[in-house]
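Student:
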Amino acid sequence: MADIKEIIAARVAKELKDGDVVNLGIGLPTMVANFLPEGVSIILQSENGIMGMGAAAEKGREDVDIVNAGAQYVTVNPGAMFFDSATSFGIIRGGHVDATILGALEVDQHGNLANWIVPGKMVPGMGGAMDLVVGAKKVIVAMQHTQKGAHKILKECRLPYTAVGVVDMIITEMGVMEVTPEGILLTEINEGYTIEDVQAATEAELMMSPNLKEK
Amino acid sequence: MADIKEIIAARVAKELKDGDVVNLGIGLPTMVANFLPEGVSIILQSENGIMGMGAAAEKGREDVDIVNAGAQYVTVNPGAMFFDSATSFGIIRGGHVDATILGALEVDQHGNLANWIVPGKMVPGMGGAMDLVVGAKKVIVAMQHTQKGAHKILKECRLPYTAVGVVDMIITEMGVMEVTPEGILLTEINEGYTIEDVQAATEAELMMSPNLKEK
Amino acid sequence: MFAGSEIPKVRKGKTMKEKIMTAAEAVAGIQDGATIMVGGFMACGTPEILIDALVDKGVKNLTIICNDAGVPGRGVGKLLSNGQIKTLIASHVGLNPEVAQRMNTEVTEDKLECILVPQGTLAERVRAGGAGLGGFLTPTGVGTIVAEGKQVIHVDGRDYLLEKPLKADFALIRGSVTDRFGNTTYNGTTRTFNPMMAAAANYVIVGACEIVEIGDIDPNNVVTSGIFVDAIVGGEKPWQI
Amino acid sequence: MFAGSEIPKVRKGKTMKEKIMTAAEAVAGIQDGATIMVGGFMACGTPEILIDALVDKGVKNLTIICNDAGVPGRGVGKLLSNGQIKTLIASHVGLNPEVAQRMNTEVTEDKLECILVPQGTLAERVRAGGAGLGGFLTPTGVGTIVAEGKQVIHVDGRDYLLEKPLKADFALIRGSVTDRFGNTTYNGTTRTFNPMMAAAANYVIVGACEIVEIGDIDPNNVVTSGIFVDAIVGGEKPWQI
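Heads up: the sequence lines are chains A, B, C and D, in that order. No gaps in the numbering here: position 149 of the first sequence is 152 in our numbering, and each next residue is one more. No gaps in the numbering here: position 119 of the second sequence is 122 in our numbering, and each next residue is one more. No gaps in the numbering here: position 193 of the third sequence is 252 in our numbering, and each next residue is one more. No gaps in the numbering here: position 62 of the fourth sequence is 121 in our numbering, and each next residue is one more.
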């Protein structure tokens, strides 16, 4: 399980360019910062009010006034800035975040995203996700390809939307997919999987990139 | 001329309560701060970004980074704050300014105000006036009663409006008038003037306050 | 700060001397059914001493506007546990399991209504409330259940939701450094919703970690003006989450 | 500032090393017909060294968004005198008599179009441009000629004008202290429109009075984030009006 997450996080990291302003969702997306290629530095935005977030605070050296959006104690890097929530979401909604990386319950071939309501379960709230996926220049969904075998990459989302037509890219343990106006394009396939495996794990019909990379 | 202005400014000053946040227009309104009664302190807001503006800067001791909305060098008092223009007009529009005092070309019995366009003349722009009169809790027009004998307090403004239904009080060298839903109520008359004088200098029909004060 | 005579006369809610008071005095005016904004994000930036005073006071049927539901034992979580909240307007309530319990309870008078608002929209609605705007157009929530019942306005080729301002009777603010007039700064990520809420409520109470003299804060660095602040309560502390 | 490897690779417009340049280099990309936001209020807070570089460059048919027209010889007044402005969007132009001359000239190519916007609406429109809002509802201007051609929206018993966002190709910002990443603070009343404009333009140039190292500005006191800043030009000075 940890391996799969690391594979996904490491592949996502390659999508980030030096100097990008990035907002990482809780969980797997947070691991992306550990896999940045040599020479690539990114600027982490935390929607509760940080530009230039650093690593988690060392045990015993926490500043209780500095937390990330998951309420964990973090540090800030030199050149950081703190701001209020209206300013923070002005930055997000205004298109000043280059990429946001987050998980999903479902994604569909139109780039629709569902990641906040599971019927019959407690609804935790959308937090900042709806603003992030609408505002960020690039939206990367980083997740396991299926949920205990059930499809998550669909023709049409069945769960309530977080936003419509916002997902640019889906990265799973099986490979990399781009959402295009024509549908979902498979651009990379990971070692150990065949095209048939990926399609079988995907409800939406996949288009094959002419430059499909196999690893 | 200076006397008339001082009389008006001194009377306006009595309308201000201790602790009020006040924005003073350029010219006569600025003089109001010189006539505050003993024990009354006000907090001056300047729309270019000051809360807690102080007196004009002494010659030779100006800080060129600190000006008022008339581009004059000013000081700030202890406890002042600087802010950007969006914040400044959030304070103004949001009803956090207790009173704004400004001149007028015309005021009418509905509380409509015209103070920014003179036909045939250069239009200087409304600056912050439109926001101030809409946002401030109390709008006091401080002006000479007539313009070289021509009426300025009218049944209906003839010049383009700065805002509709915003004026609360008009203070001139002749007296004090309140704008009510029924029309303009004369509440004070200054020494040397009769009710007939004031009415003759006013196009709108004045109602007389049962408590009309004569000075 | 003050134009005019040098020694400002004390005046309720405006000049300095009466603003510093105890937490119990500061919340004395809060009655059953009040609408209260509470600053902070997962209780980081929430004034715990003011929450505690509200718990002691025991007022009920409150409408609370806060980014989230805190956690049990912290922030607005304490008000929730004590059965004081009727309606919660928040962006995220998932880290406080009591929310689900209260929403699903069979006991009518304990039942919680929870209104979820996207976090950026919530922040902007509070800002609009303080800034005298009648609303704003946001792309957030278009095509989702958040859009239900809202006007969709098309501007320059894109759809937006018309979102309306939020105001409140009271705001509970956490200041890191507050001067005796109420000018306030916030340290680190305690800022969150505090500055917008301070401008959007009729009566604003600051729970301050440190109270300083007027003039001690550089005018360039003040975040919340003292004109918004009605009451200052000292003794707020750094809290572990 | 940077997560990941310790030594950030230089990358145009993002990392520190390439942001500091001469004024001529900073304005090199500005072409005829560009839309440019210029910070300041009556030239207090306007980056004169960047205006001067634009005068030297001589680009024409500019649309300038600025609070006012400056005064002759200061701020955007220099661009006006030099015949470089086609359209001026401002709240007040009364202290620069050249505006009237240019508006009334018979010479077509010198003719200035002047669009007047209430100052609070102008500030909020620029903010909306940077914050990704499709517009906002303001009570300012209702019932006046400012309302002409605009949608009136009735919310909770009051009429508001729908005002739309403003964006620009470039912004010329005046910073009091700027670090090498572009994080900026503003002294006194030089702040005005600068922070909103820095967020609302595609390419942002800061004329800085003082350039400091990354980390020298307290993260609590930064007003404009370096992520907005593309170019930093040193040598901006205090100017008498």
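Just so you know, even glycine gets a beta-carbon here, dropped at the ideal spot from N, CA and C. Keep in mind it's a predicted model, so treat the numbers as computed, not measured.
Using alpha carbons as the reference points, say which of A:V79, A:K20 and A:H148 lies closest to A:F38.
Tutor: The count along the first sequence starts at 1 and reaches residue 38 of chain A at position 35. Of the candidates A:V79, A:K20 and A:H148, the one whose C-alpha sits nearest the C-alpha of A:F38 is A:K20.
Student: How far does the beta strand (DSSP E) with C:D238 in it extend, from its first residue to its last?
Tutor: Translated into positions along the third sequence, residue 238 of chain C becomes position 179. Per DSSP, the continuous beta strand (DSSP E) segment holding C:D238 begins and ends at A227 to D238.
Student: Since I believe C:V185 is in contact with C:A290 (beta carbons under 8 Å), could you give me their beta-carbon distance rounded to a whole number of angstroms?
Tutor: If you number the third sequence from 1, residue 290 of chain C lands on position 231. If you number the third sequence from 1, residue 185 of chain C lands on position 126. Not really, about 19 Å apart at Cβ, beyond 8 Å.
Student: Can you name the start and end residues of the beta strand (DSSP E) that C:E157 belongs to?
Tutor: Looking up residue 157 of chain C in the third sequence gives position 98. No beta strand (DSSP E) contains C:E157, which is instead part of the alpha helix (DSSP H) from E157 to N163.
Student: For B:P32, collect the residues of the same chain with a Cβ closer than 8 Å to its Cβ; drop the 5 residues on either side in sequence, then sort them by chain order.
Tutor: Working through the second sequence from its first residue, we reach residue 32 of chain B at position 29. Excluding positions up to five away in sequence, the list reads A12, V15, I104, L105, G106 and A145.
Student: Quick one: list the residues of chain D neighbouring A:R96, beta-carbon separation under 9 Å, in chain order.
Tutor: Translated into the one-based positions of the first sequence, residue 96 of chain A becomes position 93. In chain order: A190, G191 and L192.
Student: Label B:T175 either buried or exposed according to how many other C-beta atoms from any shown protein chain fall within 10 Å of its C-beta, with 16 as the threshold for buried.
Tutor: For the purposes of this step, residue 175 of chain B is taken as residue 172 along the second sequence, with counting starting at 1. It is buried - the Cβ of B:T175 has at least 16 other Cβ atoms within 10 Å.
Student: Could you tell me whether the Cβ atoms of B:M125 and D:A159 are closer together than 8 Å?
Tutor: In the second sequence, residue 125 of chain B corresponds to position 122, counting from 1. In the fourth sequence, residue 159 of chain D corresponds to position 100, counting from 1. Taking 8 Å as the Cβ cut-off, B:M125 and D:A159 qualify as a contacting pair.
Student: Which residue marks the beginning of the alpha helix (DSSP H) containing A:T33, and which one marks its end?
Tutor: Start at 1 with the first residue of the first sequence, and residue 33 of chain A comes out as number 30. From DSSP, the alpha helix (DSSP H) with A:T33 extends over L31 to M34.
Student: Would you mind reading off the limits of the alpha helix (DSSP H) that contains C:K137?
Tutor: As a working mapping, residue 137 of chain C is identified with position 78 in the third sequence. Where C:K137 is concerned, the enclosing alpha helix (DSSP H) stretches over G136 to S140.
Student: Count Cβ pairs between the region 229-244 of chain D and the region 195-211 of chain D that sit closer than 8 Å; are there 3 or more?
Tutor: These segments do not touch.
Student: Please report the distance separating the alpha-carbon of C:G293 from that of A:M54.
Tutor: Along the third sequence, one-based indexing puts residue 293 of chain C at 234. Along the first sequence, one-based indexing puts residue 54 of chain A at 51. Going by the C-alpha atoms only, they are around 30 Å apart.
Student: Anything in the region 234-255 of chain C with a Cβ closer than 9 Å to a Cβ of chain D? List those residues in chain order, please.
Tutor: Listed by position, the residues of the region 234-255 of chain C near chain D (Cβ gap below 9 Å) are S235, T244, Y245, N246, G247 and R250.
Student: Do you know offhand how far B:K158's Cα is from B:Y196's?
Tutor: Looking up residue 158 of chain B in the second sequence gives position 155. Looking up residue 196 of chain B in the second sequence gives position 193. Computed Cα separation, rounded: 22 Å.
Student: For the region 227-296 of chain C, which segments carrying the alpha helix (DSSP H) assignment without a break, of at least 4 residues, lie completely within its bounds, in sequence order?
Tutor: 253-259
Student: Under a Cβ-count criterion, where at least 16 other Cβ atoms within 10 Å of its own Cβ denotes burial, should D:K226 be classed as buried or exposed?
Tutor: Within the fourth sequence, the letter at position 167 stands for residue 226 of chain D. Buried, because 16 or more other Cβ atoms sit within 10 Å of the Cβ of D:K226.
Student: For the region 61-91 of chain A, enumerate the residues whose C-beta is nearer than 9 Å to any C-beta of chain D, in chain order.
Tutor: Residues V79, N80, P81, G82, A83, M84, F85, F86, A89 and T90.
Student: For A:S49, I'd like the list of residues in its chain whose CB is within less than 7 Å of its CB, leaving aside the five on either flank, ordered along the chain.
Tutor: Here residue 49 of chain A is taken as the residue at index 46 of the first sequence, counted from 1. These residues qualify, in order along the chain: M56, N71 and A72.
Student: If the cut is a Cβ gap below 7 Å, which residues of chain D does B:P127 touch?
Tutor: Residue mapping note: residue 127 of chain B aligns to position 124 of the second sequence, counting from 1. Correct list: H151, V152 and G153.
Student: So B:V25 is in the beta strand (DSSP E); what residue range does that whole segment cover?
Tutor: For the purposes of this step, residue 25 of chain B is taken as residue 22 along the second sequence, with counting starting at 1. It spans V24 to L27 - the beta strand (DSSP E) in which B:V25 sits, taken as one unbroken run.
Student: Can you find a C-beta in chain D that's less than 8 Å from the C-beta of A:M54?
Tutor: Here the question's residue 54 of chain A lines up with position 51 in the first sequence. True, the Cβ-Cβ gap to chain D drops below 8 Å.
Student: At a CB distance below 7 Å, what residues from the region 85-108 of chain D approach chain B? Give them in sequence order.
Tutor: F100, M101 and C103
Student: Would the region 91-100 of chain B and the region 173-193 of chain C be scored as touching if the rule is three or more Cβ pairs under 8 Å?
Tutor: A contact exists between the region 91-100 of chain B and the region 173-193 of chain C.
Student: Does any residue of chain C bring its CB to less than 8 Å from the CB of D:P198?
Tutor: Translated into the one-based positions of the fourth sequence, residue 198 of chain D becomes position 139. It does: the Cβ of D:P198 has a partner Cβ on chain C nearer than 8 Å.
Student: Spell out the partners DSSP gives C:H1 in its beta bridges.
Tutor: Since the first and last residues shown for chain C are 60 and 300, residue 1 of chain C lies out of range.
Student: Which residue's Cα is closest to the Cα of C:A83: C:K116, C:G92, C:D169 and C:A267?
Tutor: On the third sequence, residue 83 of chain C is found 24 positions in, with the first residue counted as 1. Answer by Cα proximity: C:K116.
Student: According to DSSP, is D:F100 helix, strand or coil?
Tutor: Looking up residue 100 of chain D in the fourth sequence gives position 41. DSSP places D:F100 in strand when its eight states are reduced to three.
Student: Excluding five sequence neighbours on each side, which residues of the same chain lie with their C-beta closer than 8 Å to the C-beta of D:I174?
Tutor: On the fourth sequence, residue 174 of chain D is found 115 positions in, with the first residue counted as 1. So the list reads T146, L147, I148 and A149, once near-sequence residues are dropped.
Student: Quick one: list the residues of chain C neighbouring B:G138, beta-carbon separation under 8 Å, in chain order.
Tutor: For the purposes of this step, residue 138 of chain B is taken as residue 135 along the second sequence, with counting starting at 1. What B:G138 touches in chain C: G191.
Student: Please return the same chain residues whose Cβ sits closer than 6 Å to the Cβ of D:K170, not counting the five positions on each side in sequence.
Tutor: For the purposes of this step, residue 170 of chain D is identified with residue 111 of the fourth sequence, where counting begins at 1. These residues qualify, in order along the chain: T164.
Student: What are the start and end residues of the alpha helix (DSSP H) that includes D:G194?
Tutor: Translated into positions along the fourth sequence, residue 194 of chain D becomes position 135. Counting along the chain, D:G194 falls outside any alpha helix (DSSP H), though it belongs to the beta strand (DSSP E) covering G194 to T197.
Student: Where does B:V24 land, buried or exposed, given buried means 16+ other C-beta within 10 angstroms?
Tutor: By one-based count along the second sequence, residue 24 of chain B stands at place 21. Burial call: buried.
Student: If you reduce the DSSP assignment to three classes, tell me which class C:T105 lands in.
Tutor: Sequence index remark: in the third sequence, residue 105 of chain C carries index 46 (1-based). Coil, per DSSP.
Student: Could you tell me whether any Cβ in chain C is nearer than 8 Å to the Cβ of B:M4?
Tutor: Reading the second sequence from its first residue, position 1 is the one you call residue 4 of chain B. Note that B:M4 scores a pLDDT of 46, beneath 50, so its modelled location is shaky; the value from the coordinates is reported in the next line. False, the Cβ-Cβ gap to chain C never drops below 8 Å.
Student: Quick check on C:I95: does DSSP put it in helix, strand or coil?
Tutor: If you number the third sequence from 1, residue 95 of chain C lands on position 36. In the structure shown, C:I95 sits in a strand (DSSP, three-state: E or B).
Student: From the DSSP output, in three-state form, read off B:E18 for me.
Tutor: On the second sequence, position 15 is the one that residue 18 of chain B refers to. Looking at B:E18 - three-state DSSP - the assignment turns out to be coil, as it is neither helix nor strand.
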